[in-house]
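Notes follow once the structure below has been shown.
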Amino acid sequence: MTKRILIGLLLICSVGIAKHNITLKFLESKPQGVVRDFYIWQFISNDKTSINEAIKAYDLVANKTPKIQQAMQNKGISTEMPKDIFCKSLTFDKLKNEDAQCISYGLKLSDIPKISNSDAKIIIEKISTSYPDLLIQIKVLLSKDILKAMFEVSAKNFGAIFNGLSYTQKLKIFDHSISVKKLEKLANENSFVFNKTLHSIILDPRFDAFKKALAKADIKNSDANTFFLLGINEILQKKEKKALIYFARSKNAAIDPFMRDRALFWQYLLSENKLFLEELSQSNFVDIFSIYANQKLGSVPKYNIISDFKDISKKNPGFDISDPFEWQILKENIFAISDDEQYKKILEYFKYEKTLPHLVYFLNRLNKYKMNYFIRPYEGLIGWKDDNEKAMVYAIARQESHLLPALISRSYALGIMQIMPFNVLPFAKEMNIKDISLFNMFDPKTSLNFGKYYLNHLKEEFVHPLFVSYAYNGGPGFLRRLLDKKELFLKGRKYEPWISMELIPYEESRFYGMKVLANYVIYQELLGHKIDLEKFLKQTIIYTKEKK
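Using UniProt numbering, the letters of the sequence shown correspond one by one to residues 1 to 548.
Printed below as a string of structure tokens:
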């Protein structure tokens, strides 16, 4: 019964993974998405795949990532490449002779200020009717006063121009006074790309003129994260009263409970008003902010933590948990069920030890993330040195993959521990493991062992779980460069280490560290170890700002 229903949901035309022999026919038989893109990348990267086969496979790609584009470039001479790849490989002198579409693929905005008037005329004539936004961006960059011209276009085009410039160009262009009113007008458009521009500027140690103008503006229409970072900018400009206003706006705009709790926490941190802390302690969501509030007040948390399930079968489930395609098809078909009662009935078929992460994944959607699941699936498959190691592995895995064995990310990180493909063979060599492939990362035992190995390696250098989590997500090189500047986690600075946690420039790593740390504290608690979050975080304050 179970197997029949699950197969009905799968609707697979060719079941199973061709782990060592990916063919064009195999790829064509599979559904579109990140999973197939990963297999296409593997297929194109294979030396035995011909250029013609690679081009046919490339046509199947849903999201043409830099990885896939680079794999295509490695296959042969540029004239044999798909148009987007070919055009991106051209120098400006060659690109200007191509058609409008090719120019839109290959043109670098950072080149525009350096081109001649005659070349500019050629480009403008070609793209003027088909690519109006690109035309606006080019005209701005051909202006005598680029900064002034940027503030005359839409927030969307402002952001696109900013993102297209080199860092040196950005510093030069923005090293002038900024019109507060015009900045305010653009910011209130609440454009996604402009908001991202604001984020990068606020978190950059440079762009002082822009940040000072931003602190004088009054932005009332934005999203929760942008409001929050505007508050951080006010703190850096020593305007704490105005920062409180932005944090209140962030809280009111928040849909995600994490964002709401974060804004509430900073309202407390700046005002020291316990009413904010008491409101935060009522949160149903587990994060470092709600944990902190309850520990500070000595109150019983309102959030529910579920770590065990009853009536879980030890038998094998009705599908292969290590097959990414089976997981993709199951997920899409179950998410298509709109009737809650039918949805609940289907979830009965995931009550197996091996599919506990899948059950939790679907329950989260059903319960609208109001419950906090902290499970430890596949725990008995590997050996553990101690509870610290176990808590860290599961803290990372919960954030990386929801503990799903066959997950593939957009950057092609693989499995429960989201091991990057370029790390698989080096880790295997260091671990003295032979006959390994990327597809082995979909096996829970193998992935957990690889993740555990990498985390222990990172811990030797970075010690604190917060730093380890940053390194796991952004890479050890990223964290080394960041910490070597000695501008974060500073002794004697107000609001440390919370302010440094908000100044991590890479957004994914910034949120990742906070969420992994909360996971770590809860898993340690479930394993019988109480962690005082405030004292634990103070251990990260290890640097002294060097005088220049």
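Even glycine gets a Cβ: it sits at the ideal position worked out from N, Cα and C.
In this text the structure is predicted, and so the values were computed from the model without any measurement.
Just the Cα atoms here: how many angstroms apart are N21 and I40?
-> In the sequence shown, residue 21 corresponds to position 21, counting from 1. In the sequence shown, residue 40 corresponds to position 40, counting from 1. Looking at the backbone, the Cα of N21 and that of I40 are separated by about 12 Å.
Contacts around N221, its chain only, beta-carbon distance under 7 Å, and the 5 residues preceding and following it disregarded | As a working mapping, residue 221 is identified with position 221 in the sequence shown. Hits under 7 Å: N188, N190.
Name the residue from M431, I138, K114 whose alpha carbon lies nearest to the alpha carbon of E125.
-> The residue you call residue 125 lines up with position 125 of the sequence shown. Selected option, being the one with the closest Cα: I138.
Range covered by the alpha helix (DSSP H) that runs through H358 | On the sequence shown, position 358 is the one that residue 358 refers to. Element bounds for H358: 356-366.
Excluding five sequence neighbours on each side, which residues of the same chain lie with their C-beta closer than 7 Å to the C-beta of L503?
-> For this step, residue 503 is matched to residue 503 along the sequence shown. Residues L203, L488 of the same chain have their beta carbon placed closer than 7 Å to that of L503, with the five preceding and five following residues left out of the count.
Give a yes or no on contact between the region 105-119 and the region 86-94, applying the rule of three or more CB pairs nearer than 8 Å.
-> The region 105-119 makes contact with the region 86-94, as at least three CB pairs between them are under 8 Å.
Beta-carbon spacing of L280, D261 below 8 Å | Numbered from its first residue, the sequence shown carries residue 280 at position 280. Numbered from its first residue, the sequence shown carries residue 261 at position 261. Between L280 and D261, the C-beta gap is smaller than 8 Å, which places the two residues in contact.
If you run the structure through DSSP and keep just helix, strand and coil, what is T544?
-> For the purposes of this step, residue 544 is taken as the residue at position 544 of the sequence shown. T544 sits in coil when the DSSP states are folded into three classes, being neither helix nor strand.
Near S14, which residues of its chain fall below 6 Å by C-beta distance, leaving aside the five closest residues on each side in sequence?
-> Residue numbering aside, residue 14 sits at position 14 when the sequence shown is read from its first letter. Legend: pLDDT at S14 = 43, less than 50; position of this residue unreliable, value from coordinates given subsequently. So the list reads S29, once near-sequence residues are dropped.
Using the beta-carbon count (16 or more within 10 Å), is Y534 buried or exposed?
-> Residue numbering aside, residue 534 sits at position 534 when the sequence shown is read from its first letter. A quick correction: the sequence has Glu, not Tyr, at residue 534. Exposed, by the Cβ-count rule.
Run through DSSP, which three-state label would N372 get?
-> Taking the first residue of the sequence shown as 1, we reach residue 372 at position 372. Assigned with DSSP and collapsed to three states, N372 falls in strand.
Assigned secondary structure, L479 (DSSP; H/G/I helix, E/B strand, else coil) | As a first step, residue 479 is located in the sequence shown; it is residue number 479 there, counting from the start. DSSP places L479 within a helical segment (H, G or I) once states are collapsed to three.
Given 8 Å, three or more beta-carbon pairs between the region 516-534 and the region 387-394 = Three or more beta-carbon pairs drawn from the region 516-534 and the region 387-394 are found closer than 8 Å, and the two stretches are therefore classed as touching.
Under the DSSP definition of a beta bridge, which residues are partnered with I305?
-> Your numbering for residue 305 matches position 305 in the sequence shown. N372, per the DSSP bridge assignment.
On the premise that L404 lies in contact with H358, defined as a C-beta separation below 8 Å, what is that separation, rounded to the nearest angstrom?
-> Here residue 358 is taken as the residue at index 358 of the sequence shown, counted from 1. Here residue 404 is taken as the residue at index 404 of the sequence shown, counted from 1. Confirmed, Cβ separation roughly 7 Å.
Identify whether L490 lies in helix, strand or coil by the three-state DSSP scheme.
-> By one-based count along the sequence shown, residue 490 stands at place 490. In the structure shown, L490 sits in a strand (DSSP, three-state: E or B).
Can you tell me which of the three DSSP states Q437 falls into?
-> Translated into positions along the sequence shown, residue 437 becomes position 437. Checking the displayed sequence, the identity of residue 437 turns out to be Ser instead of Gln. In the structure shown, S437 sits in coil (DSSP, three-state: anything other than H, G, I, E or B).
Alpha carbon to alpha carbon, what distance is there between T226 and M259?
-> As a first step, residue 259 is located in the sequence shown; it is residue number 259 there, counting from the start. As a first step, residue 226 is located in the sequence shown; it is residue number 226 there, counting from the start. A straight-line Cα-Cα distance of about 11 Å links M259 and T226.
When the distance is taken between beta carbons, is G159 closer than 8 Å to K196?
-> On the sequence shown, position 196 is the one that residue 196 refers to. On the sequence shown, position 159 is the one that residue 159 refers to. Going by C-beta atoms, K196 is nearer than 8 Å to G159.
Which stretch, first to last residue, makes up the alpha helix (DSSP H) that contains R262?
-> Residue mapping note: residue 262 aligns to position 262 of the sequence shown, counting from 1. Per DSSP, R262 belongs to the alpha helix (DSSP H) from 257-271.
Is the region 319-327 touching the region 440-449 in the sense that three or more CB pairs, one from each, lie closer than 8 Å?
-> At 8 Å Cβ cutoff, the stretches touch.
Cβ pair residue 550, L134 closer than 8 Å = Here the chain has residues from 1 to 548 only, and residue 550 is not among them.
Extent of the continuous alpha helix (DSSP H) run through K389 = Walking along the sequence shown from the start, residue 389 turns up at place 389. Looking at the sequence shown, residue 389 is not Lys but Glu. E389 -> alpha helix (DSSP H) spans 387-401.
Within this structure, are the beta carbons of A243 and G231 separated by less than 8 Å?
-> Position 243 of the sequence shown, counted from the start, is the residue given in the question as residue 243. Position 231 of the sequence shown, counted from the start, is the residue given in the question as residue 231. Yes, these two residues count as a Cβ contact at 8 Å.
With DSSP as the reference, please indicate the residues paired to S250 in a beta bridge.
-> Taking the first residue of the sequence shown as position 1, residue 250 is located at position 250. Bridge partners of S250: none, in fact.
Any idea if Y167 is buried or exposed, counting beta-carbon neighbours within 10 angstroms, 16 or more meaning buried?
-> For the purposes of this step, residue 167 is identified with residue 167 of the sequence shown, where counting begins at 1. Taking all protein chains in view, the Cβ of Y167 is surrounded by fewer than 16 other Cβ atoms within 10 Å, so the residue is classified as exposed.
Could you tell me how far apart the beta carbons of Y495 and A395 are, in whole angstroms, since I believe they sit closer than 8 Å?
-> Numbered from its first residue, the sequence shown carries residue 495 at position 495. Numbered from its first residue, the sequence shown carries residue 395 at position 395. Contact between Y495 and A395 is ruled out by a C-beta separation of about 25 Å, above the 8 Å threshold.
Cross-strand partners of I408 (DSSP beta bridge) = Counting from 1 along the sequence shown, the entry for residue 408 is found at position 408. L414.
Coarse secondary structure for S299, derived from DSSP in three states | Within the sequence shown, the letter at position 299 stands for residue 299. If DSSP states are grouped into helix, strand and coil, S299 belongs with coil.
Nearest-angstrom Cα distance between L142 and K148?
-> Numbered from 1 along the sequence shown, position 142 holds the residue referred to as residue 142. Numbered from 1 along the sequence shown, position 148 holds the residue referred to as residue 148. Rounded to whole angstroms, L142 to K148 spans 12 Å at the Cα level.
Among all the DSSP beta bridges, which residues are the ones paired with Y352?
-> Position 352 of the sequence shown, counting from 1, holds the residue named residue 352. For Y352, which the question treats as bridged, DSSP gives the partners S313.
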